[in-house]
Amino acid sequence: MTTPPKPKASEERLDEIRRAAAANANAPPAALSSGDSRGADGSESYYGLPVLKPPTWTWEVPLYFFFGGIAGVSACIAFIAHLFRADTALVRICLWIGLIGAGICPALLISDLGRPTRFLNMLRVFKLRSAMSLGAWILVAFSGCMFFAVFSLELLLRGFAPSLFTPLLWLAEGSGAVMGLLLASYTGVLIGATAIPVWSENRKLLPAHFLTSGLGCSAGILELAGFLIPATQFIGFAAAGIETAIGALLEVKKKSADAPLHHGRSGWTLRIGGVLEGPVALVVRIFWGSLPMGREAAAICFLVGALMSRYAWIWAGRTSAHDPQSLFRLQRKE
Amino acid sequence: MGRTAFLTDATICIGCKACEVACKEWNEVPDDGMVWSGLSYDNTKALGASTWRHVLFLEQPQIAGPQISDMQNPFRWVFLSDVCKHCANAGCLEACPTGSIVRTEVGSVYVQSDVCNGCGYCVVSCPFGVIDRRPDDGRAFKCTFCYDRQKAGLIPACAKACPTQSIQFGDLDELKQRSKDRVQELQERGYQDARVYDPQETSVAGIHAFFVILGNPEAYNLPPAPEVPTIHLKSAWTSALISAVILIAIVCAAFAF
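The structure is reproduced here in structure tokens:
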């Protein structure tokens, strides 16, 4: 037995609401106290309440940013290493990292959706103006490239039809490298092109920051996997160096919208993460870079720092959304 | 049907919340927590997934226009029924990756709940902080501009239930003119800080729900110069491109030497 549908509010009901409101339109005199609806510090706002809505994203999203960066840049390293005729074992592990990432990332993204069973709705439309739409398509394309690249390489290594799989491998690797770079950088564009002050104010820095993080993490994972070759050392140095510069830049930036990057949970997590993937990784590499243990320690520092900073950026967005004054100051160009 | 709009006038709102009640009943919007805020008579605090009309209660230590008051202790109480602005260039619509959010023939911005998958990108893309994800449902919701009623030739439920015509509904251009006339009339009567809130000079390019307010928009938590976030895309992608080129150079150098 089904319950009959609840009757909708009728026109008569709306009239009744209006008449009741008009009849009860006298405020009790006691209510007319002299309150003040400005913010606590006297700044103009509505009781200091947030203007914007904070991001609804949960723990999966920063983790997705992290893994997406590693998988994407690994695919790029695989292609370039292959171009320069590096060790096939290195190319192979890079492609596998890309493929595993291409498996983890969609799972993280889908579980963050309010309606996970509707994840395919992401592919109903293709919108260049929506970084979220573009990102969904990038992830799909990247996964496809990584699948074909790993598939071709594994068959080639076993001696199957080289005339067919060699060009397929190059094609899949090349397009995978482009998609990988997009995957590792679009996440910075995604949060940069929002209404959240701390994100939109750092929209130029974020893609560079996320790409560098992905680069250093990929090299770090390769080192931890045993590839203690000069190439990973060079990349490790470059990434830690750039992260040191980005960390210093963030530290000296003193715009009002940047407050969540300096104070509170988000500020300290970003600072500690930045120090780990920047100066600490760099110093460890300089002094103990000749030892395998030193390089592994630098790799771990970078990975931990990069993961921390991804969480810190999302937390900073949440704090930023709660502060009406940072938005007002930004819009008044103060 | 032409382009329609709301004109909400703070100077004649009596804070009765009939609009909130009518909206909830007509659209069958669930409650969003019975919490006493302690902030004047406002216990809803902000627009959200389950609050599509929100009456603000401003308490200000100043007088309203020609009001006769104890000048040692000036005080004015201002009410305003806030609502989704239905931007001409809407951040939520631009951000939506599923095509769930669409523009209707009356110019409003409408969320198709049967398509939304709750990705949450519209939430951070709305420059007014209107749309939000309903936690238990997972999808994003906001004011529908009573699209169903408009299709049936009726006016939105909030406008219908408003006892003072503080919420007016009608043709966009006509209401824009009416809002200007109203502000001029108020200023002539001594309300010097009366103004129209309708950010047309920014990238939002005008809204379908504008307001007549007293004082600065910030006091109503209305952003003074809202921008649609897609204006940031170009500089962010340029940075991504430059960074990618540098990254490729680093990796090439690593394997070349």
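Protein sequences appear in the order of chains A and B. For the first sequence, the working numbering begins at 461 and goes up steadily by one. For the second sequence, the working numbering begins at -18 and goes up steadily by one. We treat Cβ as the ideally placed atom computed from N, Cα and C, and that holds for glycine.
Mind checking the segment 220 to 231 of chain B against chain A and listing, in chain order, the residues whose C-beta falls within less than 9 angstroms of any C-beta there? S220, A221, L222, I223, S224, A225, I227, L228, I229 and I231
What residues from the segment 510 to 528 of chain A come within 7 angstroms of chain D, judged by C-beta to C-beta, listed N to C? Of the protein chains in the structure, A and B, none is chain D.
Inspect the beta-carbon positions of L631 of chain A and A717 of chain A and report whether they are closer than 7 angstroms. no
Starting from L710 of chain A and walking both ways along the alpha helix (DSSP H), at which residues does that stretch end? P690 to V712
Can you give me the Cβ contacts of M461 of chain A inside the same chain, cut-off strictly under 7 angstroms, excluding the 5 residues immediately before and after it? Note on M461 of chain A: pLDDT 46, under 50, position unreliable in the model; the coordinate value appears next. Same-chain partners within the cutoff: there are none.
K141 of chain B at chain A interface by Cβ criterion, 7 angstroms: yes
Residue of A:K793, A:A758, A:I560 and A:G574 minimising C-alpha distance to L688 of chain A: A:A758
Looking at the secondary structure, which residues open and close the alpha helix (DSSP H) in which D152 of chain B lies? Element bounds for D152 of chain B: not the alpha helix (DSSP H) but the beta strand (DSSP E), I148 to D152.
Quick check: E208 of chain B and S224 of chain B, are their CB atoms within less than 7 angstroms of each other? no
Under the three-state reduction of DSSP, which class applies to Y507 of chain A: helix, strand or coil? coil
Determine which residues share a DSSP beta bridge with F608 of chain A and list them. Its beta-bridge partners do not exist; DSSP assigns none.
With distance defined between alpha-carbon atoms, name the residue in A:N581, A:F539, A:A668 and A:L643 nearest to L613 of chain A. A:F539
Among residues of its own chain, excluding the 5 on either side of L709 of chain A, which ones have a beta-carbon nearer than 8 angstroms to its beta-carbon? L665
Relative to the C-alpha of P210 of chain B, which residue among B:L222, B:Y128, B:Q43 and B:Y102 is closest? B:Y102
Tell me whether Y91 of chain B sits in a helix, a strand or coil according to DSSP, three-state version. strand
So, for P510 of chain A: in the same chain, excluding its five sequence neighbours on each side, which residues have a beta-carbon less than 7 angstroms away from its beta-carbon? A781, H782 and P784
Where do the ends of the beta strand (DSSP E) carrying S62 of chain B lie? R57 to V64
Using the C-alpha atoms, what's the distance from C(-6) of chain B back to Q41 of chain B? 16 angstroms
Report the neighbours of E504 of chain A on chain B: residues whose CB is nearer than 7 angstroms to its CB, in chain order. N197, E199 and A200
Against chain B, does D496 of chain A count as a neighbour if the rule is that its beta carbon must be under 7 angstroms from one of theirs? yes
I'd like to check one pair, I656 of chain A with V64 of chain B: are the Cβ atoms closer than 7 angstroms? no
R770 of chain A CB to nearest chain B CB: under 7 angstroms? no
Report, in whole angstroms, the separation of the C-beta atoms of P108 of chain B and P204 of chain B, which I expect to be a contact under 8 angstroms. 6 angstroms
Using a beta-carbon distance below 7 angstroms, is I656 of chain A in contact with chain B? yes
Cβ of K26 of chain B within 7 angstroms of any chain A Cβ: yes
In angstroms with no decimal places, state the Cα-to-Cα distance between V533 of chain A and T647 of chain A. 13 angstroms
Taking 7 angstroms as the CB-CB limit, is M582 of chain A close to chain B? yes
Take G119 of chain B as the anchor and find which of A:D572, A:A596, A:L617 and A:I702 has the nearest alpha-carbon. A:D572
Where the segment 647 to 674 of chain A meets chain B: residues whose CB sits under 9 angstroms from a CB there: G648, V649, L650, I651, G652, A653, T654, A655, I656, W659, S660, R663, K664, L665, L666, P667, A668, H669, F670, L671, T672 and G674
Under 7 angstroms between C-beta atoms of C677 of chain A and G636 of chain A: no
When DSSP labels each residue in this structure, what does L474 of chain A get in the three-state scheme? helix
With a threshold of 7 angstroms on Cβ separation, who are the neighbours of G99 of chain B within its own chain once the five nearest residues in sequence on each side are excluded? R114, G119, R120 and A121
Whole-angstrom C-beta distance between F602 of chain A and A700 of chain A, which should lie under 8 angstroms: Not a contact, Cβ separation roughly 26 angstroms.
Closest to A776 of chain A by C-alpha separation, out of A:G499, A:W728, A:R792 and A:V638, would be which residue? A:W728
According to DSSP, is A741 of chain A part of a helix, a strand, or is it coil? helix
Need the endpoints of the beta strand (DSSP E) that F191 of chain B sits in, please. A190 to L195
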